[in-house]
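Data first, discussion second: the structure below is written as structure tokens.
Chains as they are written, first to last, in our numbering: chain A, 1 to 114; chain B, 115 to 227.
Put into structure tokens, the structure is as follows:
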């Protein structure tokens with residue numbers, strides 16, 4: 001069974017509009033959740049993480065994510081998208097019940113148009 | 115602080131050969147993980163090392179192996195290369211606790227002909 005899923009291969013949004021990149025997980029116990037971004041020809045960069053506490057976590061470049069335990073989701077959000085946000089976004093989960101393995105989603109390509 | 119470095123950045127090999135990739139983690143990081151990234155399969159976890167011990171392993175054949183040295187530097191070896199091994203191999207380091215985020219290197223692009 002897939003431990004983390006990103007249901008959208010691609011998300012298109014106009015500059016200045018809010019954006020959401022979706023992520024759901026399916027690990028038992030309390031998950032550690034992460035978002036990473038990969039710009040063209042560059043490595044993955046850490047954006048933010050949820051470990052415990054406040055369900056809304058804030059990260060780099062104005063991004064935030066909301067942990068929803070009942071829906072097992074960890075959607076990435078930004079109030080106002082920039083063209084420079086265009087990149088590949090990965091959700092990841094640390095499965096504490098499976099040898100702490102790190103699982104990445106398939107990635108979502110975000111296109112922000114001027 | 116210097117980031118994660120990987121060498122070489124690009125590599126071309128032929129089927130049947132073997133290859134060794136190297137990763138130097140961020141200073142002070144004790145955990146190193148390896149991933150294979152391909153357009154079709156996405157990011158797949160290979161293995162993770164912590165203090166010279168393999169802490170966990172993904173679902174890859176035994177041709178894929180790794181090790182970590184006392185200075186936390188890590189190497190990954192792939193023997194008897196197959197065409198399907200062509201991929202970007204990413205190394206990531208972290209402090210080592212489960213809640214720590216990983217910092218990724220630029221990757222090694224391996225092409226198998």
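For every residue, glycine included, the Cβ atom is placed at its ideal position computed from N, Cα and C.
Could one say the Cβ of residue i lies closer than 8 Å to chain B's Cβ atoms, at least one of them?
i	result
residue 106 of chain A	yes
residue 55 of chain A	no
residue 32 of chain A	yes
residue 46 of chain A	yes
residue 43 of chain A	yes
residue 49 of chain A	yes
For chain A, check one thing: does any of its Cβ atoms lie closer than 8 Å to the Cβ of residue i?
i	result
residue 170 of chain B	yes
residue 209 of chain B	no
residue 204 of chain B	yes
residue 183 of chain B	no
residue 122 of chain B	no
residue 142 of chain B	no
residue 215 of chain B	yes
Rounded C-beta distance between residue i and residue j? I'm assuming under 8 Å.
i	j	result
residue 125 of chain B	residue 222 of chain B	6 Å
residue 189 of chain B	residue 224 of chain B	Not quite, the Cβ-Cβ distance comes to about 14 Å (not below 8 Å), so this is no contact.
residue 34 of chain A	residue 92 of chain A	4 Å
residue 178 of chain B	residue 192 of chain B	6 Å
Using the beta-carbon of each residue, which ones in chain A are nearer than 7 Å to residue i?
i	result
residue 157 of chain B	90 and 104
Just mark residue i as buried or exposed, buried being the case when its beta carbon has 16 or more other beta carbons within 10 Å.
i	result
residue 105 of chain A	buried
residue 54 of chain A	exposed
residue 116 of chain B	exposed
residue 151 of chain B	buried
residue 94 of chain A	buried
Find the residues of chain A that neighbour residue i, judging by a C-beta separation of less than 8 Å, and give them in chain order.
i	result
residue 212 of chain B	32, 94, 96 and 100
residue 147 of chain B	102
residue 220 of chain B	42 and 43
| field | Contained beta strand (DSSP E) runs [length at least 3] in the segment 136-180 of chain B, N- to C-terminal order | value | 145-152, 156-164 and 167-171
| field | beta strand (DSSP E) segments (min. 3 residues) lying fully within the segment 7-69 of chain A | value | 10-14, 19-21, 32-38, 44-50, 56-58 and 64-68
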